[in-house]
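Notes to accompany the following structure.
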Amino acid sequence: MILGKYYFLMLVIFSWISTLDCAGKVVCYFSNWAIYRPGIGKFTSCDILVKDCTHMIYAFVGLNTTIWSVQVLDYDVDIKQNGFKNFTDLKKTNPQVTFMVGLGGWGEGGKKYSELVSSMSRRQVFIKHAVEFIKEYHFEGLDVDWEYPGAKDRDGNPSDYTNFGSFIKELRFAFNVENPSWQLTIAAPLSDFRLKDGYNVPALCRSADAIHVMAYDLRINQDGFAGCHSPLFQSHFNPKTNKSYNVADGMQLWVDLGCPQEKLVMGMAFYGRSFTLCDNKTHDVDSPVNVQAGGGIAGPYTQNVGFLSYYEICMDLNCKQNSWTEMWDPVGLCPYMYKGDQWVGYENKTSLTYKLDYLKCKGYAGAMVWAVDMDDFHGVCGPKYPLIELIHDSMESYSDSRRLITFERKMLRTIYGPIFNPETQTYERRSNENIMSLYNKPDILYFIRKERLEWFGHAWRADGQLVKNVLINKINKTRPLGRPKTRWIDVVAKDIEMIDQDATLETAYKRERWREILMAAMVLNEPLS
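For the sequence shown, the positions run -23 to -1, 1 to 506 when mature numbering (1 follows the signal peptide of the UniProt record, and there is no 0) is used.
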């Protein structure tokens, strides 16, 4: 009966699917201080590859505690040199992109934000000024990056948990009155102690358009051991205190605390964290580091101890005289490199691909990058902007998948109806997890993968027939220059590789093995192509 309703609704509602706003987000932070970097490190708004982003965020403005208003942090760059104007003027040639401004950041500290939200009158004064500021400089929203509410080590207060939620709710209301299209987002951590101290997750996710989860800096010099700072999965190297300090568990924590997947944007770092090892003969993940050194040697352009941009890393790897050795963490799924007593954990195209596939599998809203000014924007190691191009291409192909998943869940939610909450004595919207547990079948993309492989097997075995000849012709056809889109056959090849690394297109001739591959396609716990 349920399945009958399911397929009936598919026929009735399918025409709605194209209207769903499900494009994968690509949120790009631009740090205005990149203009001060020397040589090829200098980066201005003119260098941004805007077309690859759906949202651009100018980092940062701060908080003036004298009059409780937005404070320009670098008057020379932001105002005299037209930093704000040059940034928002990019809208003229990129009307599809949303241009926002970021409030806060690490350097702003936390105490004054705690003082701001503790008073309703202060909140209202600030919100009024923030609205005027956004209008004056032609931004289209605000990204709140308070690091961190409720954090004792950042002069936070336990009351921040409630007050921050009130602040975001009031901001949302003011934006709705002034301009409902303005975006309100939050940059937030993924560690459990940070979230439990200062983030009323259900309340924040109701008011904010998106949560930009800072899924990086999970390994720092003070930890005392070397490691990739944005591991996708839990490593056996993790100390007990950091066992859930990885991207997958951190993103899931937000979901468990009550935030819908479709509001969560996974942060990705275009930089590495570096360490100075205690013993230059021990280079493994978890090797002891010299904490007193403060990190690895600063890069020539970013010039911060313990920190290297992606372009500095790729230049080191490409320079034979530097003699860096590149390795791979098979558990955290991220690269690292070492030379002597220097050790760097970072992201590359391979590790980002794993993260992008994972976020698509989980149904998250998209990817956020910190920051576009640390990609290889000059192309010193190869093609320009390799990381943001990769993310853009992945999120572009994500749109159709998200539409299908959203469509399926809408239908199932209609079929099963709301769920009764005995505590509140009200009926509530079922969560995605509840719906899929009731349905107890793989989601629609798993069926699509199986059907795609099954059809390919039939076509590939049809030697001498038209369907096989057409397929071969499309595979062998010369591809256009530039960045051609992924072909259907490329997706098939990726599906096969995920299921069995030893299998190829020719495996379709081995019928028994191919049937096993089709069965595995339905239960494979891997990201979908």
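Ideal Cβ placement from N, Cα and C applies to all residues, glycine included. Computed from a predicted model, the values in this text were never measured in an experiment.
- C-alpha of Ser98 to C-alpha of Asp293: approximately 52 Å in a straight line.
- Judged by DSSP secondary structure, Ile44 falls outside any beta strand (DSSP E); it is assigned neither H nor E.
- Ile163 and Leu181 do touch by the CB rule: their CB atoms are close to 6 Å apart, below 8 Å.
- DSSP places Ala11 within a helical segment (H, G or I) once states are collapsed to three.
- Pro208 sits away from Asn198, with the two beta carbons spaced by 8 Å or more.
- Around the Cβ of His435, a 10 Å sphere holds fewer than 16 other Cβ atoms; the residue is exposed.
- Across the structure, Gly118 and Phe144 are spaced so that their CA atoms are roughly 15 Å apart.
- Just measuring C-alpha positions, the residue of Ile104, Glu85, Glu373 sitting nearest Gly133 is Glu85.
- Non-local C-beta neighbours of Ile17 in its own chain, meaning closer than 8 Å and more than five positions away in sequence, comprise Tyr278, Tyr288, His355, Val357, ordered along the chain.
- Looking at the DSSP output, Ile163 sits in a beta bridge with Val121, Ile188.
- In the displayed model, Ala436 falls within a helix according to three-state DSSP.
- For Ile412, the enclosing alpha helix (DSSP H) begins and ends at 409 to 416.
- Looking at the backbone, the Cα of Ser286 and that of His206 are separated by about 13 Å.
- If you draw a straight line from the Cα of Phe116 to the Cα of Asp472, it comes to about 42 Å.
- Between the stretch 475 to 491 and the stretch 433 to 448 there are three or more inter-stretch CB-CB distances shorter than 8 Å, so the stretches are counted as touching.
- Residues of the same chain with a CB within less than 8 Å of the CB of Ile274, apart from the 5 flanking positions on each side, are Ser251, Thr253, Val282, Gln319 in chain order.
- Each of Gly175, Gln73, Val266, Pro126 was checked against the Cα of Ser158, and the nearest Cα belongs to Gln73.
- In terms of Cα proximity to Tyr423, the closest of Asp122, Val447, Lys337, Asp350 is Lys337.
- Rounded to whole angstroms, the separation of the alpha carbons of Leu448 and Trp123 is 53 Å.
- By the Cβ criterion, the stretch 229 to 240 is in contact with the stretch 331 to 348, since at least three pairs of Cβ atoms, one from each stretch, lie closer than 8 Å.
- Around the beta-carbon of Tyr248, 16 or more other beta-carbon atoms lie within 10 Å, marking it buried.
- Comparing C-alpha distances from His32 to each of Gln160, Gln478, Lys105, Lys112 shows the shortest one belongs to Gln160.
- Nearest to Met345 by alpha-carbon distance, out of Ile56, Met191, Pro307, is Met191.
- For the pair Leu234 and Val178, the CB atoms are nearer than the 8 Å cut-off.
- Taking Leu50 as reference, the option from Leu80, Ala225, Asn409 with the minimal CA-CA separation is Leu80.
- Scanning its chain for C-beta atoms nearer than 7 Å, with the 5 sequence neighbours on each side dropped, one finds around Ile476 the residues Ile494, Ala497, Ala498, Leu501, in chain order.
- Judged by beta-carbon spacing, Asp420 lies beyond the 8 Å limit of Ile466, meaning their Cβ atoms are not closer than that value.
- In terms of Cβ geometry, Met243 and Lys332 form a close pair [threshold 8 Å].
- In this structure, the straight-line span from the alpha carbon of Val121 to that of Asp350 is close to 20 Å.
- Listed in chain order, the non-local C-beta contacts of Asn9 below 7 Å within the same chain comprise Tyr35, Ala36, Asp51, Val54, Asp55, Gly60, local neighbours out to five positions each way being set aside.
- As summarised for the stretch 253 to 317, the continuous beta strand (DSSP E) elements at least 3 residues long and confined to that stretch are 284 to 286, 302 to 306, 311 to 316, given in chain order.
- When only Cα atoms are considered, Ser184 and Leu172 end up about 17 Å apart.
- Residue pairing by DSSP places Val38 opposite Leu80 in a beta bridge.
- Its chain contains Asp132 as the residues whose beta carbon lies nearer than 7 Å to that of Lys88, once the 5 sequence neighbours on both sides are disregarded; these appear in chain order.
- Around the beta-carbon of Phe202, 16 or more other beta-carbon atoms lie within 10 Å, marking it buried.
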